[in-house]
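In my numbering, the protein residues as written are 12 to 325.
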């Protein structure tokens, strides 16, 4: 896992590093600036996340009390037979209880804390990737002089596509998470920053990730807000998810990134079995990177076509 994360970080920091390098002309300064910015950002984000998580845990008893009150009111109402659902307190609590949301959030953050606990190993791998970035081409050219130009073309084109994917994915996930956090903050939903961070991380899981990130704040909003305000909040959250998922990200990354949903689902299942929730998060980017590399080689392009979402795109 640390090696996989290091590879993803390398493609993530490469565009800003290249921009800084063109300005200063020094690799040490450019890489040092980007890595220092990344470490400082993660540190202060973690501090604010811890504070927001503590506030959310303190609010859970109040949310639970509001949940029981709203459930009881709905159970006594005439909902054309649906009031039976709200009469079963144990069934409803097992599905939408605030305590279950707390367990869900803490479970994900607990897994991710172990994930970030490997950051020292990740940074060591990343350091060696950076150090060998330019020397590996020279070694390959000396070892395989006849294949050097062809290999250089494949690496150059696949790297460009991979960077386009990583940058677009990080940008869209961050944008969607920021808008979600603003919406939840505007409706005074407890844990607004916490759910924004979960949205950013879980959005890397294809198909189901953004849904899992949206459901907990929607449940809390339905519990605490009036019906009209709750519907407005849900509409804004769904609209935010659709705008970034259906319009912004495809336009940024391009159609070449398209990969079969079935392949993505199998990848998420496999990586989640091996590495848990952290594996589900990094599994999709890894398989997409693998497909982009396979697509640049004539011999392996048929495999990439089998992994594609639409053959006509190729």
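Beta carbons: idealized from backbone N, C-alpha and C, even for Gly. This one's a predicted model, so the numbers in the text were calculated from it and none came from an experiment.
Quick check on the burial criterion: 16 or more other C-beta atoms within 10 angstroms. Buried or exposed for residue i?
i, result
"residue 55", "exposed"
"residue 82", "buried"
"residue 225", "buried"
"residue 161", "exposed"
"residue 273", "exposed"
"residue 285", "exposed"
"residue 187", "buried"
"residue 260", "buried"
"residue 116", "buried"
"residue 133", "buried"
"residue 164", "exposed"
"residue 65", "exposed"
"residue 302", "buried"
"residue 154", "exposed"
"residue 258", "exposed"
"residue 309", "exposed"
"residue 235", "buried"
"residue 37", "exposed"
"residue 29", "exposed"
"residue 135", "exposed"
For residue i, which residues of its own chain have a beta-carbon under 7 Å away from its beta-carbon, when the five flanking residues on both sides are left out?
i, result
"residue 191", "206, 207, 210, 248, 251"
"residue 178", "26"
"residue 295", "215, 216, 217, 275, 278, 279"
"residue 203", "192, 195, 196"
"residue 113", "68, 71"
"residue 311", "305"
"residue 318", "270, 271, 274, 302"
"residue 49", "24"
Residue i bridges to which residues according to DSSP?
i, result
"residue 299", "The partner list for residue 299 (beta bridge, DSSP) is empty, contrary to what the question assumes."
"residue 319", "270"
Within its chain, find whatever has a CB closer than 8 Å to the CB of residue i; leave out the 5 residues flanking it on each side and keep chain order.
i, result
"residue 31", "40, 41, 44, 45"
"residue 293", "12, 15, 16, 19, 215, 282, 286"
"residue 231", "74, 109, 112, 200, 201, 202"
"residue 320", "269, 270, 271, 272"
Thinking residue i and residue j are a contact (beta carbons under 8 Å), I'd like their distance in whole angstroms, please.
i, j, result
"residue 221", "residue 233", "In fact, because the Cβ distance is near 18 Å, the residues do not count as touching under 8 Å."
"residue 78", "residue 109", "6 Å"
"residue 21", "residue 137", "6 Å"
"residue 119", "residue 288", "6 Å"
CB-CB under 6 Å to residue i, same chain, minus the five flanking residues each way: which ones, in chain order?
i, result
"residue 228", "195, 200, 206"
"residue 18", "none"
"residue 223", "213"
"residue 314", "305"
In chain order, what are the residue ranges of uninterrupted alpha helix (DSSP H) at least 4 long that sit wholly in the stretch 207–247?
220–235
Runs of alpha helix (DSSP H) lying entirely within the stretch 14–44, each at least 4 residues, in chain order
none
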